[in-house]
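Data first, discussion second: the structure below is written as structure tokens.
Printed below as a string of structure tokens:
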């Protein structure tokens, strides 16, 4: 206490509450930044809480008028929260603080914006790529440094790696669309088509989507739906040494930048892996397609201390702190400028590949509509039907198209009703 | 059927057997819950079920409490809310029941019919406006929505107490009135003391209801530290991704315990209360 | 009115004033507001926008809503009669001159005291497909059948199977009939003994006594339990919510009206829509209750009161 200067203790600090979804080492990485912030000044004190089921808790807190000042959610939550007026727009605060679009990777800024307003600033980003097992490539006579670039090549490699065991069950497969299948609703993007056009037109039955899901359908057709299901039943948990990819049962998967952490924790010590853009059916035309997502920091509607909250968010977004945070979580930085030191210190040997993918013009995001959760759930249902051979791609997609187009139209109509008054209120904040 | 004319003892035997089987079936889940709560984790998954664990793991209980993080806070919160609710309910319901039974006034029975009708309004119907109302008051995130409404008399408790009050003879009130006692005086000094059992029943029902309440805390409490035991137990369940059943059962047993204890001390009142509530007069 | 009547009126109103305030605040106001909100688009974070019958039109075309309705009806149609039958049967058994009636009664009553959350958590475990007690009990007869017929019957994975999840829930709720048993028992004990005696003198046997004397005499009690069961089962929320971990169950099989209402209000920001669902619920319950009352006029016999 003797070392403190008088003016620093003139006023009690404003305590702001920060609800974050992370646990484990990811939480530790952010906690360090929070501690740095708290000790760097004494006007604001950030109280960090690990909250489980954060979207539910946050919704209830915002509805009840008692939200935290800062919340850590995902970029795909932004459309539904913002259109329901659940967030405080950051547009003018960012402008005043000199934070500009150019400071960030183009897609990141898009992820943080919706309906012409800025709603969030990133905490840590992530994207997907083709992750492949180099050892299995070698065993199948493929060049481990030459991953497939087109869907046709992917299937070629798939056939080469495919192996049945003596009793007829599938022992190993090159690629399996359902492993892990986290982005099963978006396969059309690797065939040049999106699910949603504009913000009110669902294109589930477009040419490209039909092609994409016929490709998914070709798996049970070629390998047998029963056999595939049987194989998948034998897969272990994702976060365990029995992960199908780590045990060499699947040679190529589409996964995210965080796979590095799981490989460190669960894969065998001699695991050799490569990263490349996931193949598309026409790389010349489509470029490198990767799904980019982002953990973001938002200020909920009705937060008691928005200015202080924004100061904390700005602090996290300064280059030094952002790099420290992303290094701690083993991800790449969402900022356009990145120090060499970051890459030198980074334990993930393929981090540059992930970063290049996020920068590529072909990078996509999950559709930015308020009803995405429902559409996604329906698409996953459809893929399940296709996968188990219960319905062909055309029928499954047609069903989704009919149901979800209704939901999308309703959502767009709702936005139209409230757009004017909401924009007016947002622009005045 | 009255047994003084009961037929062959074979049918009585059947009755005992049937009751025995039913009682066994009813007790089994509770027994299983306690058994699981004392097992080591690997034994919880054993098939066929082991009833007596290889080692009785009393540690499951402190472990569950530690894992739930704020267990004692939750217990204190639950108790506090229950206490306030009970006080509120008993006082307000007694007052209202008195007004509906011990005083003759115009339109009394018609208004009482209205009260009965309100018992048919399900909570989900009024949940949203009431939530909005509490939000305007700034009470979301506090305990107030959970106990303040108790001070405004619930239809069910008023109904119960009114039945009881009606059973007391008119003359004691009349005599007191002729002695110049105020209505409120009669209420406090004469009627209430005669109704202790009924008041106890109301208190018990309200305690049980508040202790049990899930939806209320779910929508009104936002800070994890403010949860009640019922809500805390549910959050505990979803936290453990690969559920630690032994801990979860231990925690459940703890949440159940006060209810069981309370019941054993007040059995007669409980049962009597339920019985009278069902027989409309 | 004479002065004493006026004084009584004043006192009467004063005594019931807490209830009156509660009635206005928590009944009248919310019901009216709920109807108004059901005609609006309301997300609680912005003022309500009046949209007329829009919400109800949407409800009519909402697949998920109809799923919720059918789930709730399914549950009610099975849970209510089964509950009544079981509790009546147990009460009739208890009413026989058995010794230790108090003990049995306690055993049956205890489970109905269990907090909803504990109930849900316990039965989620009981209904576990692999290690749950229910399936363990079921395996005994199933294995016997299997060895006889060479079949491969296995008990279902209750809560993970869309076909059986609701049955798991019904089973769970049946465990809590103790409440109704006590009420029935009280009603049974009120049946005048002389009615049985004269019936026995006429040579009536047990089923005849049951049908012609017991049931009519306790019909008000049956009616009461029926209404309580109706109101309760249409609002079922906490137990399935906790059992499914806050979700809808496999293939939405555990999505009930109250669940869908809650989701719309507190997860989808659709409070106006939620109020519309609430109102539909209200109308359904009211209609069914009135229907039950109409039926009771013909079948329920109030002994001279």
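Chains as they are written, first to last, in our numbering: chain A, 4 to 432; chain B, 634 to 914; chain C, 2 to 306. Virtual Cβ for every residue (Gly too), placed ideally from N, Cα, C.
Within 9 Å, strictly: CB atoms of residue i and residue j
i, j, result
"residue 181(C)", "residue 147(C)", "no"
"residue 269(A)", "residue 246(A)", "yes"
"residue 861(B)", "residue 749(B)", "no"
"residue 81(A)", "residue 199(A)", "no"
"residue 255(A)", "residue 352(A)", "no"
"residue 267(C)", "residue 63(A)", "yes"
"residue 834(B)", "residue 734(B)", "no"
"residue 162(A)", "residue 177(A)", "yes"
"residue 183(A)", "residue 267(A)", "no"
"residue 396(A)", "residue 217(A)", "yes"
"residue 179(C)", "residue 110(C)", "yes"
"residue 98(C)", "residue 645(B)", "yes"
"residue 289(A)", "residue 365(A)", "yes"
"residue 67(A)", "residue 736(B)", "no"
"residue 31(C)", "residue 791(B)", "no"
"residue 775(B)", "residue 859(B)", "yes"
"residue 165(A)", "residue 172(A)", "no"
"residue 181(A)", "residue 235(A)", "yes"
"residue 49(C)", "residue 175(C)", "no"
Inter-residue CB distance, residue i and residue j (contact presumed, cutoff 8 Å)
i, j, result
"residue 930(B)", "residue 107(C)", "Outside the shown range of chain B, which is 634 to 914, sits residue 930(B), and nothing can be said about it."
"residue 293(A)", "residue 153(A)", "In fact, because the Cβ distance is near 16 Å, the residues do not count as touching under 8 Å."
"residue 786(B)", "residue 725(B)", "4 Å"
"residue 257(A)", "residue 133(A)", "6 Å"
"residue 784(B)", "residue 731(B)", "Not quite, the Cβ-Cβ distance comes to about 16 Å (not below 8 Å), so this is no contact."
"residue 728(B)", "residue 27(C)", "In fact, because the Cβ distance is near 17 Å, the residues do not count as touching under 8 Å."
"residue 112(C)", "residue 177(C)", "6 Å"
"residue 76(A)", "residue 315(A)", "Residue 76(A) to residue 315(A), Cβ: 16 Å. No contact."
"residue 111(A)", "residue 317(A)", "In fact, because the Cβ distance is near 16 Å, the residues do not count as touching under 8 Å."
"residue 492(A)", "residue 304(A)", "Residue numbering for chain A in the displayed model covers 4 to 432; residue 492(A) lies beyond these limits and cannot be assessed."
"residue 230(C)", "residue 84(C)", "6 Å"
Check: residue i C-beta below 8 Å from any heavy atom of the ligand GTP
i, result
"residue 95(C)", "Absence of the ligand GTP from the depicted structure is noted, as is the absence of any ligand whatsoever, leaving it without description."
* To do: Count the CB pairs spanning the stretch 228–237 of chain C and the stretch 252–267 of chain C that are closer than 8 Å, and state whether there are at least three.
  => yes
* To do: Note down, in chain order, all residues in the stretch 33–56 of chain C with a beta-carbon under 7 Å from any beta-carbon belonging to chain B.
  => 34, 35, 38, 45
* To do: Could I get the ranges of all uninterrupted alpha helix (DSSP H) runs contained in the stretch 116–179 of chain A, with 4 residues as the minimum, in chain order?
  => 137–142, 154–164
* To do: Give the residues from the stretch 44–60 of chain A that approach chain C closer than 9 Å (Cβ to any Cβ), ordered along the chain.
  => 56, 58, 59
* Asked: Mind pulling the alpha helix (DSSP H) runs of 4 or more residues that sit fully within the stretch 318–356 of chain A?
  -> 322–331, 343–348
* **contact_flag[the stretch 38–50 of chain A, the stretch 271–280 of chain A] where n(CB pairs < 8 Å) is 3 or more** => no
* Asked: Given 8 Å as the limit, is there contact between the stretch 267–286 of chain C and the stretch 742–761 of chain B, that is, 3 or more CB pairs closer than that?
  -> yes
* Asked: Of all the residues that make up the stretch 263–275 of chain C, which are near chain A by a beta-carbon distance shorter than 7 Å?
  -> 267, 268, 270
* In chain order, which continuous runs of the alpha helix (DSSP H) of length 4 or greater are located wholly inside the stretch 720–799 of chain B? -> 741–751, 756–770, 777–780, 788–799
* Asked: Using Cβ-Cβ distances below 8 Å, what residues of the stretch 668–685 of chain B are close to chain C?
  -> 669, 677, 678, 679, 680, 681, 682
* Taking Cβ-Cβ distances below 7 Å as the criterion, which residues of the stretch 837–870 of chain B are in contact with chain C? -> 841, 844, 845, 847, 848, 852, 863, 866, 867, 870
* To do: Would you be able to state if there are at least three C-beta pairs under 8 Å between the stretch 883–902 of chain B and the stretch 111–131 of chain C?
  => yes
* May I have a chain-ordered list of the beta strand (DSSP E) segments no shorter than 3 residues that lie completely inside the stretch 234–268 of chain A? => 253–259
* Interface residues of the stretch 68–89 of chain A facing chain B [CB-CB below 7 Å] -> 68, 69
* Tell me the start and end of each unbroken alpha helix (DSSP H) in the stretch 38–89 of chain C that is at least 4 residues and wholly inside, in chain order. => 55–61
* Identify each residue in the stretch 297–328 of chain A for which the Cβ-Cβ distance to at least one residue of chain B is less than 8 Å, and report them in chain order. => none
* Asked: For the stretch 41–124 of chain A, which segments carrying the alpha helix (DSSP H) assignment without a break, of at least 4 residues, lie completely within its bounds, in sequence order?
  -> 57–66, 81–86, 94–100, 109–115
* Could you run through the stretch 61–74 of chain C and flag, in chain order, every residue whose CB is less than 8 Å away from some CB of chain A? => 62, 64
* Asked: Using 8 Å as the Cβ pair cut-off and three pairs as the minimum, do the stretch 156–174 of chain C and the stretch 86–100 of chain C touch?
  -> no
* Unbroken alpha helix (DSSP H) runs of length 4 or more, entirely within the stretch 156–230 of chain C: which are they? -> 166–175, 179–190, 194–202, 207–210
* Does the count of Cβ pairs from the stretch 21–32 of chain A and the stretch 321–337 of chain A closer than 8 Å reach three? -> yes
* To do: Write down every uninterrupted run of the alpha helix (DSSP H) in the stretch 816–885 of chain B whose length is 4 residues or greater and which is fully enclosed by it, in chain order.
  => 816–819, 829–845, 848–853, 862–872
* Asked: Does the count of Cβ pairs from the stretch 190–197 of chain C and the stretch 139–159 of chain C closer than 8 Å reach three?
  -> no
* To do: Count the C-beta pairs between the stretch 239–252 of chain C and the stretch 285–299 of chain C that are closer than 8 Å, then say yes if the count reaches three, no if not.
  => no
* To do: Give, in chain order, every residue of the stretch 371–404 of chain A whose Cβ lies closer than 7 Å to some Cβ of chain C.
  => none
* Given a limit of 9 Å on CB to CB distance, which residues of the stretch 8–20 of chain C reach chain B? -> 8, 9, 10, 11, 12, 13, 14, 15, 16, 17, 18, 19, 20
* To do: Could you name the residues of the stretch 728–744 of chain B whose beta carbon sits closer than 8 Å to any beta carbon of chain C, in the order they occur along the chain?
  => 728, 729, 731, 732, 733, 736, 737, 738, 739, 741, 744
* To do: Examine the Cβ distances between the stretch 836–846 of chain B and the stretch 3–13 of chain C and report whether three or more of them are shorter than 8 Å.
  => no
* Stretch-stretch touch, CB-based, cutoff 8 Å, three pairs: the stretch 410–419 of chain A with the stretch 199–213 of chain A -> yes
* Note down, in chain order, all residues in the stretch 896–908 of chain B with a beta-carbon under 9 Å from any beta-carbon belonging to chain A. => none
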